[in-house]
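Chemist:
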Amino acid sequence: MLLRGAQIVIECLLEQGVCEVFGYPGGAILGIYEALHEYSGRIRHTLLTHEQHAAHAADGYARASGKVGVCLATSGPGATNLLTGLSAAYMDSSPVVAITNNVAKAQIGTDSFQEIDIYGVSMPVTKHNFIVKEIRDLADTIRQAFFIAASGRPGPVLVDIPQDITAAKAEFSPQAPREPVRRLHSDALDFAGAAFLIEESQRPLLLLGGGAAHSGARDAALALAQKIRAPIVQTLMATGCCDKSPQFAGMLGVYGSPAANALLEQCDLLIAVGTRFSDRTIPRRKALARTAKILHIDIDPAEINKNLTADLALMGDAREVLQRLLPLCSAKASGLAIPPRAEVPSQSGQRLTPEFLLSKLSSMAGAEQIYTTEVGQHQIWAAKHLEISGHRRFLTSGGLGAMGFGLGAAIGAA
(Lines of atoms letter the chains of each structure in order from A and count residues from 1; the text may use other names and numbers.)
(Lines give C-alpha, C1' and ligand atoms only; values in the text may rest on other atoms or scores of the structure.)
Protein backbone atom coordinates (compact mmCIF):
# COMPACT_ATOMS: atom_id res chain seq x y z
CA MET A 1 0.00 0.00 0.00
CA LEU A 2 1.14 3.55 -0.78
CA LEU A 3 1.70 5.59 2.39
CA ARG A 4 3.33 8.84 3.45
CA GLY A 5 6.59 8.48 5.35
CA ALA A 6 4.88 9.64 8.55
CA GLN A 7 2.26 6.91 8.16
CA ILE A 8 5.01 4.34 7.57
CA VAL A 9 6.55 5.37 10.90
CA ILE A 10 3.27 4.67 12.71
CA GLU A 11 2.71 1.41 10.83
CA CYS A 12 6.18 0.24 11.88
CA LEU A 13 5.46 1.13 15.50
CA LEU A 14 2.26 -0.92 15.38
CA GLU A 15 4.16 -3.74 13.70
CA GLN A 16 6.59 -3.78 16.65
CA GLY A 17 3.75 -4.00 19.16
CA VAL A 18 4.05 -0.41 20.36
CA CYS A 19 0.93 0.81 22.13
CA GLU A 20 2.29 3.95 23.81
CA VAL A 21 4.74 6.71 22.86
CA PHE A 22 6.00 9.74 24.77
CA GLY A 23 6.83 13.06 23.22
CA TYR A 24 6.64 16.81 22.79
CA PRO A 25 5.65 18.19 19.36
CA GLY A 26 7.32 20.84 17.24
CA GLY A 27 7.20 22.14 13.68
CA ALA A 28 9.45 19.59 11.98
CA ILE A 29 7.72 16.56 13.50
CA LEU A 30 4.12 17.68 12.93
CA GLY A 31 3.78 15.22 10.04
CA ILE A 32 4.29 12.30 12.41
CA TYR A 33 1.87 13.83 14.91
CA GLU A 34 -0.75 14.17 12.17
CA ALA A 35 -0.26 10.50 11.34
CA LEU A 36 -0.59 9.64 15.05
CA HIS A 37 -3.95 11.41 15.01
CA GLU A 38 -5.01 9.41 11.94
CA TYR A 39 -4.27 6.22 13.90
CA SER A 40 -5.98 7.55 17.00
CA GLY A 41 -7.01 4.80 19.40
CA ARG A 42 -4.29 2.38 18.28
CA ILE A 43 -1.30 4.12 19.84
CA ARG A 44 -1.58 6.25 22.97
CA HIS A 45 0.51 9.42 23.03
CA THR A 46 1.55 10.87 26.38
CA LEU A 47 2.42 14.56 26.17
CA LEU A 48 5.28 15.61 28.43
CA THR A 49 6.34 19.18 29.23
CA HIS A 50 9.92 18.70 28.02
CA GLU A 51 11.71 16.30 25.70
CA GLN A 52 14.03 15.15 28.51
CA HIS A 53 10.95 13.98 30.41
CA ALA A 54 9.77 12.17 27.27
CA ALA A 55 13.04 10.23 27.09
CA HIS A 56 12.87 9.41 30.81
CA ALA A 57 9.24 8.30 30.39
CA ALA A 58 10.17 5.99 27.51
CA ASP A 59 13.01 4.66 29.66
CA GLY A 60 10.70 4.12 32.65
CA TYR A 61 8.19 2.34 30.41
CA ALA A 62 10.95 0.05 29.11
CA ARG A 63 12.28 -0.76 32.58
CA ALA A 64 8.85 -1.49 34.04
CA SER A 65 7.46 -3.46 31.09
CA GLY A 66 10.50 -5.12 29.56
CA LYS A 67 9.45 -3.74 26.16
CA VAL A 68 11.13 -1.10 24.01
CA GLY A 69 10.14 2.45 25.00
CA VAL A 70 9.53 5.07 22.30
CA CYS A 71 9.94 8.85 22.45
CA LEU A 72 9.42 11.57 19.85
CA ALA A 73 11.05 14.98 19.45
CA THR A 74 11.29 17.68 16.84
CA SER A 75 14.45 19.01 15.20
CA GLY A 76 17.18 21.17 16.74
CA PRO A 77 16.62 21.94 20.43
CA GLY A 78 13.86 19.35 20.65
CA ALA A 79 16.29 16.63 19.63
CA THR A 80 19.13 17.87 21.84
CA ASN A 81 16.77 17.99 24.83
CA LEU A 82 16.50 14.19 24.55
CA LEU A 83 20.20 13.67 25.19
CA THR A 84 20.19 13.54 29.00
CA GLY A 85 17.38 10.99 28.95
CA LEU A 86 19.09 8.91 26.27
CA SER A 87 22.35 9.06 28.24
CA ALA A 88 20.56 7.69 31.32
CA ALA A 89 19.09 4.85 29.25
CA TYR A 90 22.50 4.15 27.71
CA MET A 91 24.31 4.00 31.06
CA ASP A 92 21.67 1.67 32.54
CA SER A 93 21.18 -0.49 29.42
CA SER A 94 17.53 0.35 28.83
CA PRO A 95 15.95 -0.31 25.38
CA VAL A 96 14.59 2.95 23.95
CA VAL A 97 13.93 4.07 20.38
CA ALA A 98 13.99 7.84 19.89
CA ILE A 99 12.48 9.21 16.69
CA THR A 100 13.41 12.75 15.69
CA ASN A 101 12.57 14.82 12.64
CA ASN A 102 15.21 17.03 11.07
CA VAL A 103 15.06 19.75 8.45
CA ALA A 104 14.57 18.69 4.83
CA LYS A 105 17.52 17.00 3.10
CA ALA A 106 18.21 20.01 0.89
CA GLN A 107 18.60 22.21 3.99
CA ILE A 108 21.00 19.93 5.87
CA GLY A 109 24.40 21.61 6.18
CA THR A 110 23.06 25.12 5.47
CA ASP A 111 22.65 26.20 9.13
CA SER A 112 18.91 26.42 8.60
CA PHE A 113 16.46 27.14 11.41
CA GLN A 114 16.51 24.44 14.11
CA GLU A 115 19.00 22.32 12.20
CA ILE A 116 21.35 20.17 14.28
CA ASP A 117 23.48 17.14 13.48
CA ILE A 118 21.68 15.01 16.05
CA TYR A 119 23.12 11.91 14.37
CA GLY A 120 26.63 13.03 15.27
CA VAL A 121 25.78 14.63 18.61
CA SER A 122 23.95 11.54 19.91
CA MET A 123 26.58 9.01 18.84
CA PRO A 124 28.39 8.79 22.22
CA VAL A 125 25.16 8.26 24.20
CA THR A 126 23.30 5.77 22.02
CA LYS A 127 23.87 2.12 21.22
CA HIS A 128 23.35 2.95 17.54
CA ASN A 129 21.80 5.72 15.49
CA PHE A 130 20.49 6.28 11.99
CA ILE A 131 19.70 9.12 9.62
CA VAL A 132 17.18 8.13 6.94
CA LYS A 133 18.22 9.49 3.54
CA GLU A 134 15.72 7.72 1.27
CA ILE A 135 12.02 7.01 1.79
CA ARG A 136 12.53 3.43 0.60
CA ASP A 137 14.83 2.80 3.61
CA LEU A 138 12.48 4.21 6.25
CA ALA A 139 10.55 1.08 7.28
CA ASP A 140 13.59 -1.20 7.45
CA THR A 141 15.54 1.41 9.42
CA ILE A 142 12.85 1.61 12.11
CA ARG A 143 12.63 -2.18 12.25
CA GLN A 144 16.40 -2.40 12.63
CA ALA A 145 16.32 0.22 15.40
CA PHE A 146 13.94 -1.89 17.48
CA PHE A 147 15.98 -5.03 16.85
CA ILE A 148 19.23 -3.36 17.94
CA ALA A 149 17.67 -1.70 21.00
CA ALA A 150 16.44 -5.03 22.39
CA SER A 151 19.22 -7.39 21.27
CA GLY A 152 22.30 -8.29 23.28
CA ARG A 153 22.94 -5.63 25.87
CA PRO A 154 19.88 -3.36 25.55
CA GLY A 155 20.27 0.34 24.89
CA PRO A 156 18.83 3.43 23.19
CA VAL A 157 18.77 3.86 19.41
CA LEU A 158 18.01 7.14 17.64
CA VAL A 159 16.39 7.44 14.21
CA ASP A 160 16.60 10.90 12.62
CA ILE A 161 14.21 11.48 9.70
CA PRO A 162 14.43 14.57 7.46
CA GLN A 163 11.13 16.41 7.14
CA ASP A 164 10.73 15.72 3.42
CA ILE A 165 11.09 11.97 4.02
CA THR A 166 8.04 11.95 6.29
CA ALA A 167 6.09 13.85 3.62
CA ALA A 168 7.14 11.64 0.68
CA LYS A 169 5.21 8.52 -0.31
CA ALA A 170 6.33 4.92 -0.74
CA GLU A 171 4.96 1.41 -0.85
CA PHE A 172 4.71 -0.28 2.53
CA SER A 173 4.47 -4.02 3.18
CA PRO A 174 3.95 -5.18 6.78
CA GLN A 175 6.45 -7.63 8.28
CA ALA A 176 6.55 -9.70 11.45
CA PRO A 177 8.96 -8.22 14.02
CA ARG A 178 12.32 -9.93 14.47
CA GLU A 179 13.01 -11.59 17.81
CA PRO A 180 15.88 -10.00 19.76
CA VAL A 181 19.12 -11.98 19.81
CA ARG A 182 20.51 -13.03 23.20
CA ARG A 183 22.79 -15.89 22.22
CA LEU A 184 25.60 -17.40 24.26
CA HIS A 185 29.14 -16.61 23.16
CA SER A 186 31.08 -18.94 25.49
CA ASP A 187 31.82 -22.57 24.65
CA ALA A 188 31.70 -25.77 26.71
CA LEU A 189 35.35 -25.40 27.73
CA ASP A 190 34.63 -22.00 29.29
CA PHE A 191 31.73 -23.44 31.26
CA ALA A 192 33.86 -26.35 32.45
CA GLY A 193 36.48 -23.86 33.63
CA ALA A 194 33.85 -21.86 35.49
CA ALA A 195 32.54 -24.98 37.21
CA PHE A 196 36.12 -25.84 38.23
CA LEU A 197 36.63 -22.37 39.75
CA ILE A 198 33.46 -22.80 41.79
CA GLU A 199 34.46 -26.34 42.80
CA GLU A 200 37.87 -25.13 44.05
CA SER A 201 36.46 -22.18 46.02
CA GLN A 202 35.57 -22.44 49.69
CA ARG A 203 33.93 -19.04 50.12
CA PRO A 204 32.08 -18.10 46.90
CA LEU A 205 30.02 -14.90 46.75
CA LEU A 206 27.39 -14.10 44.09
CA LEU A 207 27.14 -10.46 42.95
CA LEU A 208 24.10 -9.50 40.87
CA GLY A 209 24.08 -6.33 38.78
CA GLY A 210 21.62 -4.62 36.47
CA GLY A 211 22.28 -7.17 33.72
CA ALA A 212 21.04 -9.98 35.95
CA ALA A 213 17.89 -8.00 36.69
CA HIS A 214 17.30 -7.13 33.01
CA SER A 215 17.51 -10.76 31.93
CA GLY A 216 15.21 -12.09 34.64
CA ALA A 217 17.98 -14.23 36.13
CA ARG A 218 16.51 -14.27 39.65
CA ASP A 219 15.46 -17.93 39.81
CA ALA A 220 18.66 -19.21 38.22
CA ALA A 221 20.78 -17.05 40.53
CA LEU A 222 18.91 -18.26 43.62
CA ALA A 223 19.29 -21.89 42.55
CA LEU A 224 23.04 -21.49 42.05
CA ALA A 225 23.49 -19.59 45.32
CA GLN A 226 21.66 -22.28 47.28
CA LYS A 227 23.56 -25.12 45.60
CA ILE A 228 27.02 -23.69 46.24
CA ARG A 229 26.13 -22.04 49.59
CA ALA A 230 26.95 -18.54 48.33
CA PRO A 231 25.46 -15.39 49.84
CA ILE A 232 23.95 -12.95 47.32
CA VAL A 233 24.89 -9.28 47.24
CA GLN A 234 23.66 -6.84 44.62
CA THR A 235 24.32 -3.47 43.06
CA LEU A 236 21.90 -0.54 43.13
CA MET A 237 20.60 -1.53 39.68
CA ALA A 238 19.65 -5.03 40.83
CA THR A 239 17.49 -3.78 43.70
CA GLY A 240 14.45 -6.01 44.09
CA CYS A 241 16.00 -8.95 42.24
CA CYS A 242 16.61 -11.22 45.26
CA ASP A 243 15.76 -9.07 48.29
CA LYS A 244 13.33 -11.61 49.76
CA SER A 245 15.70 -14.57 49.54
CA PRO A 246 17.31 -15.98 52.72
CA GLN A 247 20.59 -15.97 50.72
CA PHE A 248 20.42 -12.18 50.31
CA ALA A 249 23.00 -10.21 52.29
CA GLY A 250 22.43 -6.63 51.11
CA MET A 251 23.59 -3.99 48.66
CA LEU A 252 27.28 -3.76 47.89
CA GLY A 253 29.38 -0.65 47.47
CA VAL A 254 30.14 2.80 48.79
CA TYR A 255 26.55 3.21 50.00
CA GLY A 256 25.94 -0.47 50.62
CA SER A 257 25.53 -2.37 53.85
CA PRO A 258 28.56 -3.08 56.07
CA ALA A 259 27.61 -6.78 56.06
CA ALA A 260 27.65 -7.01 52.25
CA ASN A 261 30.96 -5.17 52.00
CA ALA A 262 32.48 -7.43 54.65
CA LEU A 263 31.51 -10.50 52.60
CA LEU A 264 33.35 -9.04 49.62
CA GLU A 265 36.54 -8.92 51.69
CA GLN A 266 36.05 -12.49 52.95
CA CYS A 267 35.20 -14.29 49.70
CA ASP A 268 37.75 -16.27 47.71
CA LEU A 269 35.64 -16.30 44.52
CA LEU A 270 33.41 -13.48 43.30
CA ILE A 271 30.82 -14.61 40.74
CA ALA A 272 29.79 -11.28 39.20
CA VAL A 273 26.68 -11.40 37.01
CA GLY A 274 25.71 -8.49 34.76
CA THR A 275 27.75 -5.79 36.47
CA ARG A 276 30.36 -3.39 35.13
CA PHE A 277 32.23 -3.04 38.47
CA SER A 278 31.54 0.69 38.76
CA ASP A 279 33.44 2.85 41.24
CA ARG A 280 30.34 2.99 43.46
CA THR A 281 30.09 -0.81 43.60
CA ILE A 282 33.76 -1.81 43.91
CA PRO A 283 35.71 1.27 45.09
CA ARG A 284 38.84 -0.73 46.01
CA ARG A 285 39.26 -2.73 42.81
CA LYS A 286 42.96 -3.51 43.17
CA ALA A 287 42.51 -4.85 46.70
CA LEU A 288 39.71 -7.18 45.54
CA ALA A 289 41.80 -8.51 42.68
CA ARG A 290 44.52 -9.51 45.15
CA THR A 291 42.25 -11.42 47.54
CA ALA A 292 39.66 -13.19 45.37
CA LYS A 293 39.36 -14.83 41.99
CA ILE A 294 36.75 -13.33 39.69
CA LEU A 295 34.27 -15.11 37.43
CA HIS A 296 32.58 -12.44 35.32
CA ILE A 297 29.32 -13.17 33.48
CA ASP A 298 28.15 -10.49 31.05
CA ILE A 299 26.35 -10.20 27.73
CA ASP A 300 28.61 -7.36 26.55
CA PRO A 301 32.18 -8.43 25.65
CA ALA A 302 33.27 -4.79 26.05
CA GLU A 303 32.69 -5.02 29.81
CA ILE A 304 35.00 -8.00 30.28
CA ASN A 305 38.35 -6.90 31.81
CA LYS A 306 37.40 -3.23 31.48
CA ASN A 307 37.44 -2.25 35.16
CA LEU A 308 38.60 -5.51 36.73
CA THR A 309 40.58 -8.34 35.18
CA ALA A 310 38.58 -11.55 35.43
CA ASP A 311 40.18 -14.94 36.00
CA LEU A 312 37.47 -16.33 33.71
CA ALA A 313 34.59 -14.79 31.78
CA LEU A 314 31.37 -16.25 30.43
CA MET A 315 29.71 -14.13 27.77
CA GLY A 316 25.98 -14.30 27.17
CA ASP A 317 22.58 -13.53 28.63
CA ALA A 318 22.81 -13.79 32.43
CA ARG A 319 19.84 -16.11 32.84
CA GLU A 320 20.92 -18.47 30.05
CA VAL A 321 24.50 -18.61 31.34
CA LEU A 322 23.42 -19.38 34.91
CA GLN A 323 20.96 -22.02 33.74
CA ARG A 324 23.69 -23.74 31.74
CA LEU A 325 26.25 -23.42 34.55
CA LEU A 326 23.99 -24.74 37.33
CA PRO A 327 24.03 -28.49 36.46
CA LEU A 328 27.82 -28.40 36.06
CA CYS A 329 28.37 -27.27 39.65
CA SER A 330 28.65 -29.63 42.61
CA ALA A 331 26.67 -28.91 45.76
CA LYS A 332 28.67 -27.48 48.65
CA ALA A 333 28.12 -28.29 52.32
CA SER A 334 29.28 -24.92 53.64
CA GLY A 335 30.35 -21.44 52.63
CA LEU A 336 30.35 -17.88 53.87
CA ALA A 337 27.97 -17.24 56.76
CA ILE A 338 25.04 -15.03 55.77
CA PRO A 339 24.81 -12.17 58.28
CA PRO A 340 21.46 -11.40 59.97
CA ARG A 341 19.51 -8.54 58.46
CA ALA A 342 19.67 -5.19 60.21
CA GLU A 343 16.53 -4.16 62.04
CA VAL A 344 14.69 -1.10 60.75
CA PRO A 345 15.07 1.67 63.35
CA SER A 346 11.82 2.42 65.13
CA GLN A 347 10.42 5.91 65.57
CA SER A 348 12.10 7.69 68.46
CA GLY A 349 9.80 10.21 70.10
CA GLN A 350 8.78 12.95 67.68
CA ARG A 351 11.75 12.39 65.37
CA LEU A 352 10.99 10.55 62.12
CA THR A 353 13.89 8.83 60.37
CA PRO A 354 14.03 8.21 56.60
CA GLU A 355 14.45 4.49 57.28
CA PHE A 356 11.29 4.37 59.38
CA LEU A 357 9.28 6.39 56.85
CA LEU A 358 10.34 4.21 53.92
CA SER A 359 9.56 1.05 55.86
CA LYS A 360 6.09 2.39 56.66
CA LEU A 361 5.57 3.43 53.05
CA SER A 362 6.38 -0.11 51.94
CA SER A 363 3.98 -1.68 54.41
CA MET A 364 1.18 0.66 53.27
CA ALA A 365 1.84 0.42 49.51
CA GLY A 366 2.63 -3.29 49.33
CA ALA A 367 5.56 -5.11 47.80
CA GLU A 368 4.02 -5.21 44.30
CA GLN A 369 4.26 -1.44 43.77
CA ILE A 370 6.68 0.18 41.33
CA TYR A 371 8.93 2.83 42.85
CA THR A 372 10.95 5.50 41.07
CA THR A 373 13.55 7.78 42.61
CA GLU A 374 15.39 10.96 41.85
CA VAL A 375 19.12 11.15 42.56
CA GLY A 376 20.67 11.80 45.96
CA GLN A 377 20.75 10.37 49.44
CA HIS A 378 17.06 9.45 49.27
CA GLN A 379 17.89 7.17 46.30
CA ILE A 380 20.19 5.12 48.55
CA TRP A 381 17.73 5.11 51.46
CA ALA A 382 15.02 3.87 49.09
CA ALA A 383 17.19 1.07 47.70
CA LYS A 384 18.11 -0.12 51.19
CA HIS A 385 14.84 0.25 53.08
CA LEU A 386 11.92 -0.17 50.67
CA GLU A 387 10.45 -3.67 50.60
CA ILE A 388 10.56 -4.49 46.89
CA SER A 389 9.44 -7.72 45.26
CA GLY A 390 10.52 -8.14 41.67
CA HIS A 391 13.27 -6.88 39.41
CA ARG A 392 11.18 -4.34 37.48
CA ARG A 393 9.79 -2.53 40.51
CA PHE A 394 12.65 -0.19 41.46
CA LEU A 395 13.46 2.36 38.75
CA THR A 396 16.39 4.69 39.29
CA SER A 397 19.14 6.37 37.30
CA GLY A 398 22.19 4.48 38.50
CA GLY A 399 24.95 5.06 35.95
CA LEU A 400 24.32 8.67 34.89
CA GLY A 401 22.56 9.80 38.06
CA ALA A 402 20.22 11.94 35.95
CA MET A 403 18.40 14.65 37.89
CA GLY A 404 14.74 14.71 36.87
CA PHE A 405 14.58 11.00 36.09
CA GLY A 406 12.05 10.03 38.77
CA LEU A 407 8.94 11.89 37.61
CA GLY A 408 9.36 11.09 33.92
CA ALA A 409 10.08 7.43 34.67
CA ALA A 410 7.02 7.25 36.92
CA ILE A 411 4.82 8.59 34.10
CA GLY A 412 6.24 5.99 31.73
CA ALA A 413 5.85 3.14 34.20
CA ALA A 414 2.28 4.05 35.19
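Mapping the sequence shown onto this note's numbering, position 400 (from 1) lands on 400, and the numbers just tick up by one. Note that the Cβ used here is the ideal one computed from N, Cα and C, for glycine as well.
Would you call the CB atoms of G398 and A318 closer than 7 Å?
Modeler: Within the sequence shown, numbered from 1, the residue matching residue 398 stands at position 398. Within the sequence shown, numbered from 1, the residue matching residue 318 stands at position 318. In this structure, A318 does not lie closer than 7 Å to G398 by Cβ.
Chemist: Mark F146 as exposed unless 16 or more other C-beta atoms lie within 10 angstroms of its C-beta, in which case mark it buried.
Modeler: As a working note, residue 146 is residue 146 in the sequence shown. Counting Cβ neighbours within 10 Å, F146 comes out buried, since at least 16 surround it.
Chemist: CB V96 to CB G78, shorter than 7 Å?
Modeler: Translated into the one-based positions of the sequence shown, residue 96 becomes position 96. Translated into the one-based positions of the sequence shown, residue 78 becomes position 78. No. Outside cutoff.
Chemist: What do you reckon, are the CB atoms on I99 and V132 nearer than 7 Å?
Modeler: Locating residue 99 in the sequence shown gives position 99, where the first residue counts as 1. Locating residue 132 in the sequence shown gives position 132, where the first residue counts as 1. No, the pair does not count as a contact, with Cβ atoms beyond the cut-off.
Chemist: Determine the DSSP secondary structure at C71, reduced to helix, strand or coil.
Modeler: On the sequence shown, position 71 is the one that residue 71 refers to. Strand.
Chemist: In the DSSP assignment, what are the bridge partners of R4?
Modeler: To locate residue 4, count along the sequence shown from 1; it is residue 4. Partner(s): K169.
Chemist: Go through the stretch 142 to 206 residue by residue and report every complete run of the alpha helix (DSSP H) that reaches 4 residues or more, in order.
Modeler: 163 to 167, 188 to 200
Chemist: What does a CB cutoff of less than 7 Å around H296 pick up in its chain, not counting 5 residues either side in sequence?
Modeler: Numbered from 1 along the sequence shown, position 296 holds the residue referred to as residue 296. A272, I304, A310, A313.
Chemist: Can you tell which of V254, P246, G253, E265 has its C-alpha closest to the C-alpha of P204?
Modeler: Taking the sequence shown and counting its residues from 1, the one referred to as residue 204 is at position 204. Ranking V254, P246, G253, E265 by Cα distance to P204 puts E265 first.
Chemist: Determine the DSSP secondary structure at Q379, reduced to helix, strand or coil.
Modeler: One-based indexing of the sequence shown puts residue 379 at position 379. Helix, per DSSP.
Chemist: Let me know the secondary structure DSSP gives V103 once reduced to three states.
Modeler: On the sequence shown, position 103 is the one that residue 103 refers to. Here V103 sits in coil by DSSP.
Chemist: Name the two residues that bound the continuous alpha helix (DSSP H) containing R63.
Modeler: Translated into the one-based positions of the sequence shown, residue 63 becomes position 63. Start and end: 51 to 65.
Chemist: Quick check: what's the CA-CA separation for G216 versus L158?
Modeler: Here residue 216 refers to the residue found at position 216 when the sequence shown is read from its first residue. Here residue 158 refers to the residue found at position 158 when the sequence shown is read from its first residue. If you take the alpha carbons of G216 and L158, they lie about 26 Å apart.
Chemist: What's the call for S330, buried or exposed, on a 16-neighbour Cβ count within 10 Å?
Modeler: Here residue 330 refers to the residue found at position 330 of the sequence shown. The C-beta of S330 has fewer than 16 other C-beta atoms within 10 Å across all chains shown, which makes the residue exposed.
Chemist: Can you tell me whether F130 is helix, strand or coil according to DSSP?
Modeler: Taking the first residue of the sequence shown as position 1, residue 130 is located at position 130. Looking at F130 - three-state DSSP - the assignment turns out to be strand.
Chemist: How far does the beta strand (DSSP E) with V21 in it reach, from first residue to last?
Modeler: Counted from its first residue, the sequence shown places residue 21 at position 21. Element bounds for V21: 20 to 24.
Chemist: Quick one, which of I29, L30, E38, V21 has its alpha-carbon nearest H45's?
Modeler: For the purposes of this step, residue 45 is taken as residue 45 along the sequence shown, with counting starting at 1. It is V21.
Chemist: If you draw a straight line from the C-alpha of I411 to the C-alpha of A57, how long is it?
Modeler: Here residue 411 refers to the residue found at position 411 of the sequence shown. Here residue 57 refers to the residue found at position 57 of the sequence shown. Roughly 6 Å separates the two Cα atoms.
Chemist: Is DSSP giving R276 helix, strand or coil here?
Modeler: Residue 276 sits at position 276 when you count from the first residue of the sequence shown. In this structure, R276 counts as coil in the three-state DSSP scheme.
Chemist: Kindly identify the DSSP beta-bridge partner or partners of F114.
Modeler: As a first step, residue 114 must be located in the sequence shown, where it is residue number 114. Here residue 114 turns out to be Gln, not Phe, going by the sequence shown. Bridge partners of Q114: none, in fact.
Chemist: Mind checking which residues open and close the alpha helix (DSSP H) that includes V321?
Modeler: Indexing the sequence shown from 1 puts residue 321 at position 321. Its alpha helix (DSSP H) spans residues 318 to 325.
Chemist: Thinking just about the alpha-carbon of each residue, which of A302, M403, H378, G23 is nearest to the one in T49?
Modeler: In the sequence shown, counting from the first residue as 1, residue 49 sits at position 49. Answer by Cα proximity: G23.
Chemist: Do S122 and N102 count as a contact pair if the criterion is CB distance below 7 Å?
Modeler: Taking the first residue of the sequence shown as position 1, residue 102 is located at position 102. Taking the first residue of the sequence shown as position 1, residue 122 is located at position 122. Cβ atoms of N102 and S122: not closer than 7 Å.
Chemist: Just checking T281 against the ligand ADP - is the residue's beta carbon closer than 6 Å to any of the ligand's heavy atoms?
Modeler: No copy of the ligand ADP appears in this structure; indeed no ligand is present at all.
Chemist: Decide if the stretch 323 to 339 is in contact with the stretch 245 to 258; the criterion is three or more beta carbon pairs, one per stretch, under 8 Å apart.
Modeler: Pairwise C-beta distances place the stretch 323 to 339 in contact with the stretch 245 to 258, as three or more of them are shorter than 8 Å.
Chemist: Identify whether A331 lies in helix, strand or coil by the three-state DSSP scheme.
Modeler: Looking up residue 331 in the sequence shown gives position 331. Coil, per DSSP.
Chemist: Closest to A170 by CA distance: which of D137, T353, I142, L13 is it?
Modeler: Start at 1 with the first residue of the sequence shown, and residue 170 comes out as number 170. For A170, the closest alpha carbon among the candidates D137, T353, I142, L13 is that of D137.
Chemist: Using the Cβ count rule (16 or more neighbours within 10 Å means buried), how would you classify R290?
Modeler: Position 290 of the sequence shown, counting from 1, holds the residue named residue 290. Classification of R290: exposed, given that the 10 Å Cβ count is below 16.
Chemist: Count the other CB atoms within 10 Å of the CB of P327; is the residue buried (16 or more) or exposed (fewer)?
Modeler: As a working mapping, residue 327 is identified with position 327 in the sequence shown. Its Cβ having fewer than 16 others within 10 Å, P327 is exposed.
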